[in-house]
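Here the structure is laid out as structure tokens; the discussion comes afterwards.
Residue numbers (the numbering used here): 13 to 541.
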């Protein structure tokens, strides 16, 4: 029996044998939970969650030739998993671990100065219980006064604190739990705030703040103190952090040691982890970093750990449904690690899972497919849009030399047709006339190096992404019955799932600021903002 199936059964039993209000809340009435897990799917709302469930269900159906959702851990190759099939409801969707939690809420996400929020403003709401302006990191709307964060309050209570993210650890969402800056782009300052926080565990992506250009820290222009010698990673070491740059080094860190862990050999140019579908099996997953956080921070005073699936948002910005789905599964795998821990400490643990906003305007259904869906088509995609850009398409473009000499009369040749079949499972000769027309146009736009300027028709077609690649992902999405309306965030409300101590507090319809306030109430702390 698969691990996730066992977790599903355990969660169902917990719902059956406890009241709706989660009786565990009464065992520590004055103390709050000893262990708190706070999972945030960046860009994750109900469309992303249910698309993932529908994909898993259809990939496991007997008539799917692979019977396997992309070779994911926990699901079998070949014969469909009977337990997974049994977990499907009448809509044909398998259930993620998070969506089986007994308490469900719904939160709105608007910022202080914009209806459609950004990650800094939304993360400030989720960490501080306060609204702020776009791009502001845990400070008030005037960018003058810092807010207290729920992580800082956990630390003040004596709990160990961990922050994990699949994007750079100084990116907007993780930063809002330990840093206070007027602009999210001040990565060098944010990276230094990391060490100043004194939190116990940071893991996942690297620090963008360590980037150097012309002898200066790239993200601190004009700052005389931000020279090449002032490395935020070295600053972490001088502040007592052990820096683990691979799986073996992290495994060797002793419990109780303050640690900053990131896979130096695997992070991308944005200092982020690879997309889950591109991850080398030798590299650490979000679930691995979560498990290591438990190992390093477990102690008599408990811990607070925030875990973010940050690249889920990036995939939705790029309208890459498959990359988003696989990163959603990676987040759920991390949630499963927390549920494993919860089963050992059911009266002392609170787990909350939510998103900071929806991204991409994802919808399940497309005009071209009517009432039909075919999520198994998504299994044909073997790499993210990002890796396709860097590898397959980059190699193809290099064979033609400079884009300045490109002849738009040239059509796609056998080389690029083979590459798209390898990466997306799309056979050129099987494409519709409309698909061929749009793909050939996008191919010309990419090969000619055509600038994609804001406000033009090209921007509406491609966003700010490689025209050829985003057109390929659109073909994949639409054939499956998935569509996107935007390359930006949207204002769609976001679900909140809760399990464990005081989980009852998270039921209902409320604002994103209330998520932090409810968590503070459960933890018996006062944010004081």
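Just so it is clear, CB atoms sit at the ideal spot from N, CA and C, and this is done for glycine as well.
Which word fits residue i, buried or exposed, when buried means at least 16 other C-beta atoms lie within 10 angstroms of its C-beta?
i           : result
residue 214 : buried
residue 384 : exposed
residue 414 : exposed
residue 441 : exposed
residue 103 : Confidence at residue 103 is low in this model, with a pLDDT of 49, below 50, so its placement is unreliable and the value that follows should be read with caution. Under this definition residue 103 is an exposed residue.
residue 491 : buried
residue 177 : buried
residue 422 : exposed
residue 527 : buried
residue 348 : buried
residue 476 : exposed
residue 304 : buried
residue 521 : exposed
Quick check: what's the CA-CA separation for residue i versus residue j?
i           : j           : result
residue 227 : residue 164 : 34 angstroms
residue 496 : residue 402 : 23 angstroms
residue 361 : residue 62  : 26 angstroms
residue 298 : residue 346 : 6 angstroms
residue 543 : residue 459 : Here the chain comprises residues numbered 13 to 541, so residue 543 is not present and cannot be evaluated.
residue 372 : residue 501 : 6 angstroms
residue 204 : residue 254 : 15 angstroms
residue 321 : residue 267 : 24 angstroms
residue 64  : residue 340 : 7 angstroms
residue 129 : residue 293 : 35 angstroms
residue 523 : residue 120 : 5 angstroms
residue 199 : residue 404 : 31 angstroms
residue 89  : residue 60  : The predicted position of residue 89 is uncertain, since its pLDDT is 31 and thus under 50; no value can be drawn from it.
residue 96  : residue 66  : In this prediction, residue 96 has a pLDDT of 44, which is less than 50 and means its spatial position is unreliable; nothing more can be read from the coordinates.
residue 310 : residue 115 : 26 angstroms
residue 229 : residue 409 : 32 angstroms
residue 356 : residue 315 : 15 angstroms
residue 418 : residue 412 : 8 angstroms
residue 416 : residue 406 : 16 angstroms
residue 513 : residue 539 : 19 angstroms
residue 352 : residue 472 : 44 angstroms
residue 449 : residue 426 : 17 angstroms
residue 533 : residue 138 : 14 angstroms
residue 143 : residue 193 : 15 angstroms
residue 509 : residue 239 : 44 angstroms
Could you check what DSSP says for residue i in three-state terms: helix, strand or coil?
i           : result
residue 109 : coil
residue 146 : coil
residue 174 : strand
residue 320 : strand
residue 165 : helix
residue 285 : coil
residue 525 : helix
residue 199 : helix
residue 537 : coil
residue 384 : coil
residue 408 : helix
residue 276 : coil
residue 511 : strand
residue 440 : helix
residue 255 : strand
residue 115 : strand
residue 494 : strand
residue 188 : coil
residue 429 : helix
residue 531 : helix
residue 87  : In this prediction, residue 87 has a pLDDT of 29, which is less than 50 and means its spatial position is unreliable; what the coordinates show is noted afterwards. Correct three-state label for residue 87: coil.
residue 376 : strand
residue 478 : coil
residue 520 : strand
Starting from residue i, trace the alpha helix (DSSP H) in both directions and tell me its first and last residue.
i           : result
residue 305 : 298 to 309
residue 456 : 445 to 459
residue 11  : Not covered by the structure: residue 11. The range shown for the chain is 13 to 541.
residue 121 : Run containing residue 121: none; DSSP gives neither H nor E here.
residue 66  : 58 to 71
What distance in whole Å lies between the Cβ atoms of residue j and residue i, which are believed to be in contact at a cut-off of 8 angstroms?
i           : j           : result
residue 222 : residue 243 : 6 angstroms
residue 264 : residue 207 : Their Cβ separation, rounded to whole angstroms, is 21 angstroms, which puts residue 264 and residue 207 out of contact at 8 angstroms.
residue 273 : residue 217 : With a Cβ gap of about 10 angstroms, residue 273 and residue 217 do not count as contacting.
residue 301 : residue 327 : With 8 angstroms as the limit, residue 301 and residue 327 do not qualify as a contact, their Cβ atoms being about 19 angstroms apart.
residue 186 : residue 173 : Not confirmed; about 12 angstroms, so no contact.
Quick check on the DSSP output: the beta strand (DSSP E) that includes residue i runs from which residue to which?
i           : result
residue 362 : 361 to 367
residue 129 : Premise fails: residue 129 is in no beta strand (DSSP E) and is neither H nor E.
residue 400 : Looking at the DSSP string, residue 400 is not in any beta strand (DSSP E); the run it does join, the alpha helix (DSSP H), is 397 to 400.
residue 51  : 47 to 53
residue 354 : Element bounds for residue 354: not the beta strand (DSSP E) but the alpha helix (DSSP H), 333 to 356.
residue 213 : 213 to 216
Under 7 angstroms: does the beta carbon of residue i sit that close to some heavy atom of the ligand NAD?
i           : result
residue 511 : With respect to the ligand NAD, the structure shown offers nothing to examine, as it has no ligands at all.
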